[in-house]
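Heads up, the thing below is written out as structure tokens.
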Amino acid sequence: MRPGHLVNWLAAAVVAVILTPWPAEAAKRVALVVGNASYEAIPALPNPMRDAAATRDALTEAGFEVVHLADATLPAFQATLDAFAKKVEAAGEDAAAVVFYAGHAVQLAGTNYLLPIDVKPRTDADVPGQSVSLTDILKRLDATKARTKIVILDSCRDNPFVNPAGARGLALTLLDGAGAGPAGETGLARIESKGGTLVAFSTSPGATAADGTGEHSPFAAAFLKLVREPGLPVEQLFRQVRLAVYETTGGQQTPWETSSLTTPFSFFEGPPQTAADTVETTGSTGAAQVTTAALTGQTAAEAFRTALYWDTLDAYRLFLAAHPDDLLALRVHRILTLRQEEMAWAEAVRDGTKDAFALYLRLFPGSSHAEAAMRLAATAPERARLQLAAVCPAPAPALKPTKTKLTPAPAPKKTKKATTKPRRAPAPADDFEEPVWVERPVRTYDPGPAIAVDIIGGAIFGGMSRPRPPRMRDDGGYRPMPQRQPMPTSPSYGYR
1 MRPGHLVNWL AAAVVAVILT PWPAEAAKRV ALVVGNASYE AIPALPNPMR DAAATRDALT
61 EAGFEVVHLA DATLPAFQAT LDAFAKKVEA AGEDAAAVVF YAGHAVQLAG TNYLLPIDVK
121 PRTDADVPGQ SVSLTDILKR LDATKARTKI VILDSCRDNP FVNPAGARGL ALTLLDGAGA
181 GPAGETGLAR IESKGGTLVA FSTSPGATAA DGTGEHSPFA AAFLKLVREP GLPVEQLFRQ
241 VRLAVYETTG GQQTPWETSS LTTPFSFFEG PPQTAADTVE TTGSTGAAQV TTAALTGQTA
301 AEAFRTALYW DTLDAYRLFL AAHPDDLLAL RVHRILTLRQ EEMAWAEAVR DGTKDAFALY
361 LRLFPGSSHA EAAMRLAATA PERARLQLAA VCPAPAPALK PTKTKLTPAP APKKTKKATT
421 KPRRAPAPAD DFEEPVWVER PVRTYDPGPA IAVDIIGGAI FGGMSRPRPP RMRDDGGYRP
481 MPQRQPMPTS PSYGYR
């Protein structure tokens, strides 16, 4: 090959290399997997260690950088969570972060707490300080730049602090000096995730999950079986997990998830899968809506699976409208009642006033949250006080005392006394005083019509009468004398 041809060939090769598109760098994936089983003060669990180990292997195959923590104490749990949050932040905007937890968890006053193996609360007030709240985990993930954040909880088991006769509530009841263990509630509280977040529970809010009799829990077994399907959107993945767990447990356990994902995500890459033929797909994340025509054209069993797949209030109501007389309508009514009860409980906890808890107790007197509602209502503020606090402005900040130099007040100036006496006012030029006339009543004579006559002695005895002068009134008028009555006569008057 001639030198000129060689130069041209090398130049063309360089240009081809430059113009060849390089594959984009894959988004970084990080995961935290925690399995707690060997608890010190509450009953141990058989499956969380195996569930966490199998999930770690599956996520590693999917390209995740996994941090695995087994039988975590509270200090280890908190330190690992801090380090993981920094790792997620360093992964960048396109990162995907997954947190998987298997172990004991409880709900207290509407907040979910994940329990480390060294938890030893004497009362329910000790639980928040000895555990890790789900709210704290979500806040840490929301503070990062990760685009996709997924939290998976296989921990909705019975509260180990409540039932003293059961296998899970024996230990801590004995530690409480008052004779009653921490007053927890059944299941986990319902929470809402923020943008770009999905939270999956192994059972529906307010219900409990079983450990299972196999190698894995029912939820973990279904998740591990379906997670490896290429291109399966994560939201469709958990819908299929819900169907599988419901059938495996005979309707006793129904997984539930809440999602606000904005971009599609699947654990294993592959061609995207479409939604079921019974729904109308909308949006890029596989979100869909159940149609009335689809449920009406299905059998009751098929329509029930469709409603359960989507797990929305509208889907269950459409089932009742399509198959109101089927026996499955009883199950749907129960699901709707429990879901509405949990939504009302979430609203009462969010409001946090005595009026809200009282209203919840009036609407749902037999709820599993009734005891917690009464306990919270006893110490909750009234709505009127909260409104008053919102209206009244905050007090002004206290002023710091300052030292000031006191200066004496100036003495009053002395005024000179007058040396001359004040002169008397001069008399008026005309000193003539006019006479003052005073009106007085004038005594005048007013003769009456006749002159009264006094009779001296009796007329019968020849008495004499004489005239009496008239009397004068104070105002000068004449006042007649009263007439004397004639003396009575009697035949027996005088001598006998």
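Residue 45 in UniProt numbering sits at position 45 of the sequence shown; the count goes up by one each step and never skips.
For every residue, glycine included, the Cβ atom is placed at its ideal position computed from N, Cα and C.
Remember, predicted model here, so these are calculated numbers, not experimental data.
For A200, which residues of its own chain have a beta-carbon under 6 Å away from its beta-carbon, when the five flanking residues on both sides are left out?
Excluding sequence neighbours, A200 sits near I152, F238, E257.
In angstroms with no decimal places, state the Cα-to-Cα distance between V67 and D51.
When rounded, the distance between both Cα atoms is 15 Å.
Taking the straight line between their C-alpha atoms, what separation do you get for A301 and L224?
When rounded, the distance between both Cα atoms is 26 Å.
Mind checking who K149 pairs with in its DSSP beta bridge?
In the DSSP output, where bridge partners are listed per residue, K149 has A97, T197.
May I ask you to report which of helix, strand or coil DSSP gives G129?
Of the three classes helix, strand and coil, the one that applies to G129 here is helix, per DSSP.
Would you report the Cα separation of A105 and A53, rounded to the nearest angstrom?
Their backbone Cα atoms lie some 19 Å apart in a straight line.
Can you name, in chain order, every residue of its own chain whose Cβ lies under 8 Å from the Cβ of A219, other than the five neighbours on each side?
Note that residue 219 is Phe in the sequence shown, not Ala. Around F219: D154, S202, T203, A209, V241, V245, Q253, P255.
Report the option in R350, G366, L363 whose CA atom is closest to the CA atom of L376.
Ranking R350, G366, L363 by Cα distance to L376 puts R350 first.
Identify the residues that DSSP records as bridge partners of V30: which are they?
DSSP output for V30 lists E65, A97 as bridge partner(s).
Which residue wins for smallest C-alpha separation from D136, given the options L261, A96, R362, Q78?
For the residues L261, A96, R362, Q78, the minimum Cα distance to D136 belongs to Q78.
Give the secondary structure of V349 by DSSP, where H, G and I count as helix, E and B as strand, and everything else as coil.
If DSSP states are grouped into helix, strand and coil, V349 belongs with the helices.
If I follow the unbroken alpha helix (DSSP H) through A39, where does it start and stop?
The amino acid occupying residue 39 in the given sequence is Tyr; Ala does not appear at that position. That residue, Y39, is in no alpha helix (DSSP H); it is neither H nor E in DSSP.
For Q107, name the three-state secondary structure that DSSP assigns.
In the structure shown, Q107 sits in a strand (DSSP, three-state: E or B).
According to DSSP, W256 sits in a beta bridge with which residue or residues?
Answer is F201.
Thinking just about the alpha-carbon of each residue, which of L295, L134, V119 is nearest to the one in H323?
The option with the nearest alpha carbon to H323 is L295.
Whole angstroms are fine: how far does the CA of Q298 sit from the CA of L327?
Rounded to whole angstroms, L327 to Q298 spans 15 Å at the Cα level.
Put D136 into one of helix, strand or coil per three-state DSSP.
D136 falls in the helix class under three-state DSSP.
Return the bridge partner residues of D154 from the DSSP annotation.
Looking at the DSSP assignment, D154 forms a beta bridge with A102.
What first and last residue would you give for the alpha helix (DSSP H) that runs through residue 507?
The first residue shown for the chain is 1 and the last is 496, placing residue 507 beyond what the model contains.
For the alpha helix (DSSP H) containing D326, list its first residue and its last residue.
No alpha helix (DSSP H) contains D326, which DSSP labels as neither H nor E.
Could you check the C-alpha separation between T80 and E89 for me, to the nearest Å?
Using only the alpha carbons, I get a separation of about 14 Å.
Take every Cβ of the region 93-110, pair it with every Cβ of the region 27-36, and state whether three or more of those distances are shorter than 8 Å.
As far as the Cβ criterion goes, the region 93-110 touches the region 27-36, which means the pair count is three or higher.
I'd like to know whether the C-beta atoms of Y360 and A348 end up nearer to each other than 8 Å.
Yes, the Cβ-Cβ distance between Y360 and A348 is below 8 Å.
How many Å lie between A146 and E269 at the Cα?
Rounded to the nearest angstrom, the two C-alpha atoms are 19 Å apart.
K120 and Q130 - do their beta-carbons sit closer together than 8 Å?
Going by C-beta atoms, Q130 is nearer than 8 Å to K120.
How would you call A222, buried or exposed, if buried means at least 16 neighbouring beta carbons within 10 angstroms?
It counts as buried.
In the DSSP assignment, what residue or residues form a beta bridge with Y360?
In the DSSP output, where bridge partners are listed per residue, Y360 has none listed.
What is the rounded straight-line gap between the Cα of V227 and the Cα of G352?
Cα to Cα, the separation comes out at about 39 Å.
Where does A52 sit, in a helix, a strand or coil, going by DSSP?
Helix at A52.
How would you write the range of the alpha helix (DSSP H) that A373 sits in, first residue to last?
Its alpha helix (DSSP H) spans residues 370-379.
State the Cα-Cα distance for the pair G251 and S368, rounded to the nearest angstrom.
Approximately 19 Å, taken between the alpha carbons.
Which runs of the alpha helix (DSSP H) fall wholly inside the region 214-248 and span at least 4 residues, in chain order?
Runs of the alpha helix (DSSP H) inside the region 214-248: 218-226, 234-248.
Go ahead and label R56 buried or exposed: buried means 16 or more other beta carbons lie within 10 angstroms of its beta carbon, across all protein chains shown.
The residue in question, R56, is buried, as its Cβ has 16 or more Cβ neighbours within 10 Å.
Helix, strand or coil for A70 per DSSP?
Residue state, collapsed to three classes: strand.
In this structure, how does DSSP classify L114 when only helix, strand and coil are distinguished?
Three-state result, L114: strand.
What does a CB cutoff of less than 8 Å around M374 pick up in its chain, not counting 5 residues either side in sequence?
Same-chain partners within the cutoff: F357, L361.
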